[in-house]
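Enquirer:
Numbering (my numbering), first residue to last: 472 to 793.
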């Protein structure tokens, strides 16, 4: 049943145009009551899974999504539905996206399926997480065709539209070729881009989400691709590498890990963002872009003294954007 209604955005930040956007994964139903709505402007529920025939699988843990939407709306926070992700059951989804958009008719079918699901549950918009369209004519054409269709239809519905994009820059400052698949048409039509400034480093885990990557990713999308600063939302990780270990679990193994960006757990070197790096990124975002995006909310600690979300929120309170 559709339960979307007019929602007043969290006034503390978005009245100044600055966003705190947190992804929440559908596969973490037992942590949903820990969401800190008062420290967010938007939540993105991840993921709705596409099929090759241009439809969507039933939404995983739909009751969790409805719980989030109801609680978020009562607190002035908007909720978007994210489509895709890197893989489903360990199978990459990029080929599925390509099949789902291989004719104009399937693009319409796929787009309408996305909008129907978003409206059914009362989401305020859609986030496209096609990882990743490629810099070749066929991939660009299909991706742009889907995005242009969704842009038009979501505007008709009065809904938000965002997309996740690569950080896009190597540690040496080289721009990744596939960032060109985010065409000017796509970048112009979305409300903002969620820049995944993590999982970089080209295999060097110490470089997977550095402060320098945040700066370089901003340079790419703002200065090279000319996306307006207010439409860039800088992504930060609440996990470490290797293996995507949650920040909360890092602290369980090493209670002092919040003071650093690396630690050793069971003989394995772990790299992540500690509180100082998160503070530096928050300050950078306040001065240079339109918000911060978090992957993902369930990975944070509940200890407010060491919480990365608290660090972001408190930094913005100290250095308000307006």
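Glycine residues also receive a C-beta, built at the ideal position from the N, C-alpha and C atoms.
On the premise that residue 614 lies in contact with residue 582, defined as a C-beta separation below 8 Å, what is that separation, rounded to the nearest angstrom?
Expert: Working through the chain shown from its first residue, we reach residue 582 at position 111. Working through the chain shown from its first residue, we reach residue 614 at position 143. Contact flag wrong, Cβ pair sits at about 12 Å.
Enquirer: According to the Cβ coordinates, are residue 640 and residue 664 closer than 7 Å?
Expert: Residue mapping note: residue 640 aligns to position 169 of the chain shown, counting from 1. Residue mapping note: residue 664 aligns to position 193 of the chain shown, counting from 1. No.
Enquirer: Residue 515 by DSSP, collapsed to three states: which one?
Expert: As a position in the chain shown, residue 515 is number 44, starting the count at 1. Strand at residue 515.
Enquirer: If you count every other CB in all the chains shown that lies within 10 Å of the CB of residue 769, and 16 or more means buried, which is it?
Expert: As a working mapping, residue 769 is identified with position 298 in the chain shown. Answer is buried; the Cβ neighbour count reaches 16.
Enquirer: Which residue comes first and which comes last in the alpha helix (DSSP H) that contains residue 740?
Expert: Position 269 of the chain shown, counted from the start, is the residue given in the question as residue 740. From DSSP, residue 740 is part of no alpha helix (DSSP H) but of the beta strand (DSSP E) over 739-742.
Enquirer: Measure the alpha-carbon distance for residue 674 versus residue 680 and round it to whole angstroms.
Expert: Within the chain shown, residue 674 is the residue found at index 203, counting from 1. Within the chain shown, residue 680 is the residue found at index 209, counting from 1. Roughly 12 Å between the two C-alpha positions.
Enquirer: State whether the stretch 602-611 contacts the stretch 546-566, with contact taken as three or more CB pairs (one from each stretch) at a distance under 8 Å.
Expert: Cβ pair count under 8 Å is three or more, so yes.
Enquirer: Comparing alpha-carbon positions, which option in 728, 538 and 739 lies nearest residue 748?
Expert: The residue you call residue 748 lines up with position 277 of the chain shown. Of 728, 538 and 739, the residue nearest in Cα terms is 728.
Enquirer: Give me, in chain order, the residues of the same chain whose beta-carbon lies closer than 7 Å to that of residue 771; leave out the 5 immediate sequence neighbours on both sides.
Expert: Numbered from its first residue, the chain shown carries residue 771 at position 300. 709, 718, 719, 778, 779 and 780.
Enquirer: Of the choices 535, 528 and 656, whose alpha-carbon is the least far from that of residue 623?
Expert: Indexing the chain shown from 1 puts residue 623 at position 152. That would be 656, whose Cα lies nearest to the Cα of residue 623.
Enquirer: What residue ranges within the stretch 518-551 form continuous alpha helix (DSSP H) runs of no fewer than 4 residues, ordered along the chain?
Expert: Entirely contained in the stretch 518-551, the alpha helix (DSSP H) runs reaching 4 residues are, in chain order, 533-545.
Enquirer: Can you tell me which of 671, 722 and 737 puts its alpha carbon nearest to the alpha carbon of residue 730?
Expert: Residue mapping note: residue 730 aligns to position 259 of the chain shown, counting from 1. Comparing Cα-Cα distances from residue 730 to each of 671, 722 and 737, the minimum goes to 722.
Enquirer: Is it buried or exposed for residue 794, if we count other Cβ within 10 angstroms and need 16 for buried?
Expert: Outside the displayed range of the chain (472 to 793) lies residue 794, so it cannot be described from this structure.
Enquirer: Would you list the residues sitting across from residue 442 in a DSSP beta bridge?
Expert: No information on residue 442 is available, as it lies outside the stretch 472 to 793 that the chain covers here.
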